[in-house]
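Chemist: Per UniProt numbering, the sequence shown starts with residue 1, numbered consecutively. Sharing a structure, written as structure tokens. Questions coming.
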Amino acid sequence: MGKKTSVYVIAGDTGPVKIGVSINPKNRLSSVQNGHPHKLALRHVVPVAEAYRIEGAVHAALADKRLNGEWFDVTADEARSAIDHAIETLKPNRVERRKSGGTDLWILISRLGLTMEMFADLCGMPVDKVKALCRDDVVPPPWAHAILKLYAMLPAEKKAKVFAERLNPAVNENGTALQGKPVSRFKWAKP
């Protein structure tokens with residue numbers, strides 16, 4: 001049996017913190033250190049069966065502190081607390097890999113920092129249907145992966161705008177009210 005994947009926190013004495021997933025966090029630290037001007041260290045490593053799910057939840061929880069990719073403007077202690085909280089609150093769910101070797105839909109969703117609710121909104125379907133698609137014994141339809149690939153290609157500001165409009169559809173891109181004209185939940189803002 002292979003090594004368990006871990007959620008890790010890499011940080012220096014000051015500056016941003018990297019929250020990621022790796023089978024070998026020490027090797028990951030070495031590769032990150034290679035391109036970083038300051039001394040970095042592993043500040044927290046938690047081997048978990050659902051590392052990608054935990055990482056996705058932590059990234060979503062700290063989204064307002066994200067600097068770029070897996071780097072966040074938080075302390076190592078704040079990152080550790082977010083990881084511990086995600087582990088405590090997320091129910092166990094086998095999401096690592098399918099027996100067939102294919103990637104689980106939930107791994108793709110969580111790697112993009114999405115929740116099941118956000119993905120359900122992108123697809124225009126109920127959350128319970130998305131949860132059913134994310135079960136281990138279900139092979140998700142090709143369109144689910146296509147939506148995720150399209151979403152992954154959007155620039156960060158576009159992603160934030162898409163969800164801001166869905167959370168508050170009565171406001172346009174300038175933050176002004178649309179005077180009672182509802183925006184379709186399937187309408188994507190123009191780039």
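Positions of the beta carbon are idealized from the N, C-alpha and C atoms, including for glycine.
Could you check the C-alpha separation between V7 and E70 for me, to the nearest Å?
Modeler: Along the sequence shown, read from residue 1 onward, the residue named residue 7 stands at position 7. Along the sequence shown, read from residue 1 onward, the residue named residue 70 stands at position 70. The straight-line gap from Cα to Cα measures roughly 12 Å.
Chemist: DSSP on V127, reduced to helix/strand/coil?
Modeler: Indexing the sequence shown from 1 puts residue 127 at position 127. It is helical.
Chemist: So for I19, helix, strand or coil by DSSP?
Modeler: Translated into positions along the sequence shown, residue 19 becomes position 19. Correct three-state label for I19: strand.
Chemist: Note the first and the last residue of the continuous alpha helix (DSSP H) segment covering N27.
Modeler: Taking the sequence shown and counting its residues from 1, the one referred to as residue 27 is at position 27. Per DSSP, N27 belongs to the alpha helix (DSSP H) from 25-34.
Chemist: Using three-state DSSP, classify L122 as helix, strand or coil.
Modeler: Your numbering for residue 122 matches position 122 in the sequence shown. Three-state result, L122: helix.
Chemist: Is it the case that the Cβ atoms of I10 and V46 are separated by a distance below 9 Å?
Modeler: Taking the first residue of the sequence shown as 1, we reach residue 10 at position 10. Taking the first residue of the sequence shown as 1, we reach residue 46 at position 46. In this structure, V46 does not lie closer than 9 Å to I10 by Cβ.
Chemist: Along the chain, where does the alpha helix (DSSP H) that runs through V58 open and close?
Modeler: Position 58 of the sequence shown holds residue 58. Element bounds for V58: 51-61.
Chemist: What are the start and end residues of the alpha helix (DSSP H) that includes H38?
Modeler: Within the sequence shown, numbered from 1, the residue matching residue 38 stands at position 38. From DSSP, H38 is part of no alpha helix (DSSP H); its letter is neither H nor E.
Chemist: In terms of residue numbering, what span does the beta strand (DSSP E) encompassing V74 cover?
Modeler: For the purposes of this step, residue 74 is taken as the residue at position 74 of the sequence shown. Neither: V74 is in no beta strand (DSSP E) and is coded neither H nor E.
Chemist: Between V130 and the rest of its own chain, which residues show a CB-CB distance below 6 Å, the 5 nearest in sequence each way excluded?
Modeler: As a first step, residue 130 must be located in the sequence shown, where it is residue number 130. So the qualifying residues of the chain are M116, F119, A120.
Chemist: For A82, which residues of its own chain have a beta-carbon under 8 Å away from its beta-carbon, when the five flanking residues on both sides are left out?
Modeler: Counted from its first residue, the sequence shown places residue 82 at position 82. Counting only Cβ-Cβ distances below 8 Å, and skipping sequence neighbours, we find I19, V58, A61, L62, V74.
Chemist: Which residue wins for smallest C-alpha separation from V67, given the options P16, V127, G35?
Modeler: Here residue 67 refers to the residue found at position 67 of the sequence shown. First, the residue type needs correcting, since residue 67 is Leu and not Val in the sequence shown. Measuring from the Cα of L67, the nearest candidate turns out to be P16.
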